[in-house]
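The numbering used here puts the last residue of the sequence shown at 995; the count rises by one with no breaks. Quick reminder that beta carbons are idealized off the backbone N, C-alpha and C, glycines included. These numbers come from a predicted model, not from an experiment. Notes for the one structure printed next.
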Amino acid sequence: MLDRSPVAPAADAETLQRELIGLIETSREQSSDDPFRNPVLAVTLAITRRLDRGEIEEADLDALFARLRGEALAERAVRLRGYVGLAAPQPDAAMPARLVAAIPRGPADFEAFRDLVGRTGFAVVFTAHPTFGMPKAVAALIARAASEPDVVQRAPLIEEAAALSTRPDPKISLDDEFDQACIAANHGREALDAFNRALLDAARARWPDRWTELVPKPFAIASWVGCDTDGRTDIGWWDTLRYRIESKRMQLDRVMRHLPDVPATKVVRELTQGALAAVNRQLAVAPRLGTKPSLEAVHRFALALIIERERAQTDSGPILAGLAGAITAAESDEDRRTIAVLRSGIAAHGLSNALPHFRLNASQIHNAVRRVIDLEGEPTDAAQRRSHLATIHALLNDVQPVAVDFGALAAERASAARLMMTITQILKHVDGTHPVRFLIAETETGYTLLAALWLARHYGIADKVEITPLFETASALEQGIRVLDDALRNPHWRAYLKRIGRLTVQFGYSDSGRYVGQLAASFWIERLRLRITDLMVQNDLAGIELAIFDTHGESIGRGAHPTSLRDRLAYLAPEDARRRNRASGIRVRLESSFQGSDGYLMFGTLPLAKATVERIAEHVFALDIADEDAFADYVLTDASEGADETDDPIYAESDFATEFFTVVRQDMEALVDDTGYAALLGTFGPSLLDRTGSRPVARQTDGGGPVMITHPRQMRAIPNNAILQQLGYLANSLHGMGRAAGRAPDLFRDMRRDSVRFSRAFRMVQHAASVSDLDVLRAYIDTLDPAMWLERARRTTRDARRDELVVIATALERLDLAPNLRRLFGRLTCDWLSLHGAAPDLGKMSARLTLLHAIRLALIHRIWFLAVHVPGFRPQSGITREALIERFLRLDVDGCLALLEDIFPVTPDPTLGLNFGEPAGPRDVGTYEAEHTTLFAPIGRYFSRVREVTGMIQHEVGAFG
Numbered sequence: 035m036l037d038r039s040p041v042a043p044a045a046d047a048e049t050l051q052r053e054l055i056g057l058i059e060t061s062r063e064q065s066s067d068d069p070f071r072n073p074v075l076a077v078t079l080a081i082t083r084r085l086d087r088g089e090i091e092e093a094d095l096d097a098l099f100a101r102l103r104g105e106a107l108a109e110r111a112v113r114l115r116g117y118v119g120l121a122a123p124q125p126d127a128a129m130p131a132r133l134v135a136a137i138p139r140g141p142a143d144f145e146a147f148r149d150l151v152g153r154t155g156f157a158v159v160f161t162a163h164p165t166f167g168m169p170k171a172v173a174a175l176i177a178r179a180a181s182e183p184d185v186v187q188r189a190p191l192i193e194e195a196a197a198l199s200t201r202p203d204p205k206i207s208l209d210d211e212f213d214q215a216c217i218a219a220n221h222g223r224e225a226l227d228a229f230n231r232a233l234l235d236a237a238r239a240r241w242p243d244r245w246t247e248l249v250p251k252p253f254a255i256a257s258w259v260g261c262d263t264d265g266r267t268d269i270g271w272w273d274t275l276r277y278r279i280e281s282k283r284m285q286l287d288r289v290m291r292h293l294p295d296v297p298a299t300k301v302v303r304e305l306t307q308g309a310l311a312a313v314n315r316q317l318a319v320a321p322r323l324g325t326k327p328s329l330e331a332v333h334r335f336a337l338a339l340i341i342e343r344e345r346a347q348t349d350s351g352p353i354l355a356g357l358a359g360a361i362t363a364a365e366s367d368e369d370r371r372t373i374a375v376l377r378s379g380i381a382a383h384g385l386s387n388a389l390p391h392f393r394l395n396a397s398q399i400h401n402a403v404r405r406v407i408d409l410e411g412e413p414t415d416a417a418q419r420r421s422h423l424a425t426i427h428a429l430l431n432d433v434q435p436v437a438v439d440f441g442a443l444a445a446e447r448a449s450a451a452r453l454m455m456t457i458t459q460i461l462k463h464v465d466g467t468h469p470v471r472f473l474i475a476e477t478e479t480g481y482t483l484l485a486a487l488w489l490a491r492h493y494g495i496a497d498k499v500e501i502t503p504l505f506e507t508a509s510a511l512e513q514g515i516r517v518l519d520d521a522l523r524n525p526h527w528r529a530y531l532k533r534i535g536r537l538t539v540q541f542g543y544s545d546s547g548r549y550v551g552q553l554a555a556s557f558w559i560e561r562l563r564l565r566i567t568d569l570m571v572q573n574d575l576a577g578i579e580l581a582i583f584d585t586h587g588e589s590i591g592r593g594a595h596p597t598s599l600r601d602r603l604a605y606l607a608p609e610d611a612r613r614r615n616r617a618s619g620i621r622v623r624l625e626s627s628f629q630g631s632d633g634y635l636m637f638g639t640l641p642l643a644k645a646t647v648e649r650i651a652e653h654v655f656a657l658d659i660a661d662e663d664a665f666a667d668y669v670l671t672d673a674s675e676g677a678d679e680t681d682d683p684i685y686a687e688s689d690f691a692t693e694f695f696t697v698v699r700q701d702m703e704a705l706v707d708d709t710g711y712a713a714l715l716g717t718f719g720p721s722l723l724d725r726t727g728s729r730p731v732a733r734q735t736d737g738g739g740p741v742m743i744t745h746p747r748q749m750r751a752i753p754n755n756a757i758l759q760q761l762g763y764l765a766n767s768l769h770g771m772g773r774a775a776g777r778a779p780d781l782f783r784d785m786r787r788d789s790v791r792f793s794r795a796f797r798m799v800q801h802a803a804s805v806s807d808l809d810v811l812r813a814y815i816d817t818l819d820p821a822m823w824l825e826r827a828r829r830t831t832r833d834a835r836r837d838e839l840v841v842i843a844t845a846l847e848r849l850d851l852a853p854n855l856r857r858l859f860g861r862l863t864c865d866w867l868s869l870h871g872a873a874p875d876l877g878k879m880s881a882r883l884t885l886l887h888a889i890r891l892a893l894i895h896r897i898w899f900l901a902v903h904v905p906g907f908r909p910q911s912g913i914t915r916e917a918l919i920e921r922f923l924r925l926d927v928d929g930c931l932a933l934l935e936d937i938f939p940v941t942p943d944p945t946l947g948l949n950f951g952e953p954a955g956p957r958d959v960g961t962y963e964a965e966h967t968t969l970f971a972p973i974g975r976y977f978s979r980v981r982e983v984t985g986m987i988q989h990e991v992g993a994f995g
């Protein structure tokens, strides 16, 4: 394994890098004259020969990696700084002062301002998933470097990070994810406090007699880490409860840290101090993560929650009242302001450091309700639709709440019922201040929403749960409006919405992006947004709030705009949709995910968090404060006809948009069903990735080794997207764009020039092109083609190498991947040529990123050359030598080395020398130290470097997965 300790750079690392970069550039130039030459494989071959001759040693590679890491990390820190706006000139007046100034003077101006900032208009939601693609230490150093304005001061931070591995931490538990989310959330809360403090200061200058009446809470922090049980069975209800109590402890601790120690705060201080002590006693007996607590432990935990309930506080009302009294009694404006900021934080978040989002799958809801519903068939079956809706309506007519205790919770087996009961206990014993978010993945029928409502009413918490459908799949985006319409036709659902005062929906960009293409997904999501607005108006629901939670990853393939946070927010919530909501009188609450170590970077330090919050404020209040148009900032071509975001031609040319994105969707769906695409993703793509989260690992085949993927739906969106990044072609952001642009090239160019919405979306394609290269992809595809290896065997002058090449070619022939992969490459190339013809200004992959791919290919080839020398052995657990070599070709290196450790032990037989009372039978008296030294250990080291390159590519591309 690669040593994770700092690496001393080799003296000639700079020279080696310069030579290899020169090889890339020269090879690219030569390929222009020789179309049959692959410049990436040519450099790979050159590196292989230098490794063979000993001109590049393993230490040289490690020193080179340190340099390449340093350059990638330095650029990433600069990009992060620019992304959140830290590098840009700041306006003369910060957003809080501009908000106060934007309120027209008049008799009700204070009330207008109070209403403007007193409603939460945006929530930052920290999500997890397996997206912790870099070590915590590296992430912290990147954030610190990005926060440092002085390049000189930034350099040692980058140098320290470059000396570390880019591979994720070896073991990532749910506790690790929760801790990282808490660090980001704490910075986020501090940034919100700073923003609210500035709001109060600006208000005090204008309304000196009334500013203490304000409770500003324009933004909130939320998290689903520890509460997301979709597709997971490893999170116990006790884990979720403990995380919520931890969040409560942090909130109370925040109050104690910042509350002025003055006589005016005596009452609220004692109240909070007592609550904090009680919460700590509850946590002391909480079961730990990964344990299966005994009934006695559960009983002890339950009693602690119940006995300490009153002292621990379960609603923020008493503390808010105490803070209000302290503001009145405080003697200085400084103390009043500090207390008012704390009051705002409590008002927005209750007794939680971050508001909770719970999540599960629609099928889990259906299974829980199936126990009380006498129907056959699936609710998603169109033929069963009316019967299911009628039956759940009848159940809602008669539902009565039941009591919930921890014994019933411990005994419950249905996951949805268990989660609803867990929420019941959290609201009862931890924090019942605000309704909690209840997200339902794969919602494709109104029955799901009504079934969730029945569960909530069954457990007596219907008015404390915001039932939220997730629309992400292609069918859900098409049928989403009917899902909501079916629910709205039910009087119980309408009454529920009016009681809770909010309709919440969740849009997903990961699965939608990988199945229909990222830009097409954005179009279908925006269309659904507009239809939801119309539906609310038609159903006389303009008086309730619409909350839209955009759930996406941090890469372009999963919905994160690459150029700036401003563009990212505008891409997710387009100006036109927001204006239509306002014109309809619908108040909108926007929410957006910040996911894993990449997303948490924007809250990695307080300066970054403050800049992020400032950009969010600019977005949320864009319609309240008119800025000069900044269109030129996000298009490459000149806006010669004066692009106007308030009158975007993409909406006037609705036929163009519909046809353009329909073509993208059609082509992407055809690509997903291409057997070559599954082969591309599944052959050795998953083995390029380290484990990047706490979610359980993928299944194994009966004979050992990873499952051979036959369709992309067999893997999740995150590894799907990560593999495309690692293979050098971001198909889910690029494919289909060529044919779509080629259908109306003139109108396509006009939209790039004149449409803010379209040009902003197309910047995703521009970034994807800048980190994609068909030559790189072809190099990986050719690596899996036996013909390439046989051609090398035909031309080599080394007998030993020829034998290795033939063995590899024979094994690849058995895998039979080449025909499908060649056909796939032709499909991708045809569309790329059309795209390049319509948009010739697209960039290309940098020489440094191309070099990383070439180095990794050389390392993979070297692993294969060594693997064919594994000695013959008798079949072990159904594994033959031929099957083992095939697993090496799929880069299941860790699994193969574990097998070889057993087959060829390095330690002698422990029974040797022992007298068993009979004549000794035959034993294998030898050990295999030579094989371990010359084969297995080098393979392990080379594979560790393969994964190290994965981490560097992640930073070059900009995100993991």
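Whole-angstrom distance between residue j and residue i, CA atom to CA atom
i, j, result
"L781", "I279", "56 Å"
"A298", "R283", "23 Å"
"R733", "D724", "With a pLDDT of 44 at R733, under the threshold of 50, the predicted position of this residue should be treated as unreliable, though the coordinate-derived value follows. Their backbone Cα atoms lie some 15 Å apart in a straight line."
"S397", "R113", "41 Å"
"L855", "G710", "5 Å"
"K462", "V438", "10 Å"
"L948", "T941", "16 Å"
"A843", "I919", "11 Å"
"P608", "A932", "51 Å"
"V118", "F922", "43 Å"
"A581", "R623", "4 Å"
"F718", "L818", "10 Å"
Integer-rounded CB distance, given that residue j should sit under 8 Å from residue i
i, j, result
"L714", "L761", "7 Å"
"T306", "V289", "5 Å"
"I743", "A712", "5 Å"
"T165", "S631", "7 Å"
Residue interval of the alpha helix (DSSP H) (run including residue i)
i, result
"V186", "185-196"
"N755", "751-760"
"Q51", "47-67"
Buried or exposed (CB count within 10 angstroms, at least 16 for buried), residue i
i, result
"N754", "buried"
"M702", "buried"
"C864", "exposed"
"K644", "buried"
"L862", "buried"
"S66", "exposed"
"T597", "buried"
"D268", "exposed"
"A666", "At A666, the pLDDT of 35 sits below 50, so the modelled position is not reliable; the number obtained from the coordinates is stated separately. By the 10 Å Cβ count, A666 comes out exposed."
"T831", "exposed"
Endpoints, the beta strand (DSSP E) within which residue i is located
i, result
"A873", "It is not in any beta strand (DSSP E) - A873 carries neither H nor E in the DSSP assignment."
"A581", "579-585"
"P641", "Not the beta strand (DSSP E): P641 falls in the alpha helix (DSSP H), residues 640-654."
"L948", "Element bounds for L948: n/a, residue is neither H nor E."
"P435", "Looking at the DSSP string, P435 is not in any beta strand (DSSP E), and its letter there is neither H nor E."
Residue i Cβ short of 7 Å to the ligand HEM heavy atom set
i, result
"D439", "Within the structure as shown, the ligand HEM is missing, as the structure has no ligands at all."
- prompt: What are the start and end residues of each continuous alpha helix (DSSP H) run of 4 or more residues lying completely inside the stretch 503-574, in chain order?
  reply: Counting only runs of at least 4 residues, the stretch 503-574 fully encloses the following alpha helix (DSSP H) elements, listed from N- to C-terminal order: 508-522, 525-534, 544-550, 552-572.
field: Complete beta strand (DSSP E) runs within the stretch 92-166 (minimum length 3 residues, chain order)
entry: The DSSP assignment places complete beta strand (DSSP E) segments of no fewer than 3 residues inside the stretch 92-166 at 156-161, in order along the chain.
field: Continuous alpha helix (DSSP H) assignments of at least 4 residues falling wholly in the stretch 267-296
entry: For the alpha helix (DSSP H) assignment, the uninterrupted runs of no fewer than 4 residues enclosed by the stretch 267-296 are, from N- to C-terminal side, 271-292.
- prompt: Can you give, in chain order, each stretch of the alpha helix (DSSP H) that sits fully within the stretch 815-859 and has at least 4 residues?
  reply: As summarised for the stretch 815-859, the continuous alpha helix (DSSP H) elements at least 4 residues long and confined to that stretch are 820-829, 833-849, given in chain order.
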